[in-house]
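All remarks here apply to the structure that follows.
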Amino acid sequence: MIGSRGRVTGTIGPGLIGEVLISVRGGVEAFYAYPADPDTKITIGTQVLVVDFDEPNTVYVEPWRPTRLTG
């Protein structure tokens, strides 16, 4: 689960339990979500990266930032 990307469907932030949709086992599942940085607010529609996972259905996420490789 750690390293997976998802999309926020319920705002994540201080004092809020958000929701993230993540592709799992050929389908899409909803997970409760908290920000990895407790002071961060992450809005609906934001792509996120899972950085921690508490079974069975809670993830800790941060906004996903694509990297640009230079060569």
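Per the working numbering, the sequence shown starts with residue 4, numbered consecutively.
Cβ coordinates follow ideal geometry from the N, Cα and C atoms, glycine included.
Just so we're clear, the structure is a prediction, and the values are computed from it rather than from any experiment.
For residue 46, I'd like the list of residues in its chain whose CB is within less than 7 Å of its CB, leaving aside the five on either flank, ordered along the chain.
11 and 14
Quick check on the DSSP output: the beta strand (DSSP E) that includes residue 10 runs from which residue to which?
8-13
Do the CB positions of residue 39 and residue 54 come within less than 7 Å of each other?
yes
Euclidean distance between Cα positions of residue 42 and residue 29
33 Å
Is residue 24 closer than 7 Å to residue 33 when the C-beta atoms are compared?
yes
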